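Residue numbers (this note's numbering): 533 to 686. We put the CB at the ideal spot given by N, CA and C, even for glycine. Just so it is clear, the structure is predicted and the values come from calculations on it, not from any experiment.
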């Protein structure tokens, strides 16, 4: 896996507003979250699901954990919807199970309205009692792109 460099940081800065994610929190909370992130790294990376758990336990926005991870120069890995993995997930029709047509219609509507975000994928998964990766796999088969990661990664 390649290093997280200054070009990566600049791209990420454009995706998330640091002022929103960090400015309203006390130095104590930021220090606590930073310590938890450092302690939670696995082989130098922070798994997506662990980042979500840190945000939940610290009662901070998920993007705050993403911004702190970025500030530390580390990367989020093993995205819960398969966007980036240490071991790449293969998305091909041979391992794909079709999902309810209502969901695919909803995905197309979200795409048409430029609202196909990470948060919406998780909302659909909860609504239809599916794993988020099932929704993401359907999107990959259809060539749909997810945007606006809740951790600020994309």
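How would you label residue i, buried or exposed, when you count the other beta carbons within 10 angstroms and need 16 or more for buried?
| i | result |
| --- | --- |
| residue 632 | exposed |
| residue 535 | exposed |
| residue 675 | exposed |
| residue 575 | exposed |
| residue 657 | buried |
| residue 614 | buried |
| residue 625 | Bear in mind that a pLDDT of 45 at residue 625, under 50, signals an unreliable position, so the number given afterwards is only what the model happens to contain. With fewer than 16 Cβ atoms within 10 Å of its Cβ, residue 625 is classed as exposed. |
| residue 594 | buried |
Identify every residue that forms a DSSP beta bridge with residue i.
| i | result |
| --- | --- |
| residue 608 | 578 |
| residue 679 | 649 |
Thinking just about the alpha-carbon of each residue, which of the options is nearest to the one in residue i?
| i | options | result |
| --- | --- | --- |
| residue 591 | 684, 561, 610, 599 | 561 |
| residue 668 | 539, 611, 584 | 611 |
| residue 683 | 606, 672, 576, 635 | 606 |
| residue 600 | 609, 570, 537, 639 | 570 |
| residue 537 | 603, 596, 584 | 603 |
I think residue i touches residue j, with their Cβ atoms under 8 Å apart; what is that distance to the nearest whole Å?
| i | j | result |
| --- | --- | --- |
| residue 572 | residue 582 | 5 Å |
| residue 635 | residue 670 | 7 Å |
| residue 649 | residue 678 | 7 Å |
Within the 7 Å Cβ cut-off, does residue i reach chain D?
| i | result |
| --- | --- |
| residue 668 | As a matter of chain content, chain D is missing from the structure shown, which is built from one protein chain. |
Which residues in the same chain have their Cβ closer than 8 Å to the Cβ of residue i, if we skip the five residues on either side of it in sequence?
| i | result |
| --- | --- |
| residue 639 | 648, 656, 667, 670, 671, 674, 676 |
Considering only residues of the same chain and omitting the five flanking positions on each side of residue i, which have a CB-CB separation below 7 Å?
| i | result |
| --- | --- |
| residue 597 | 565, 569, 583, 586, 587, 683 |
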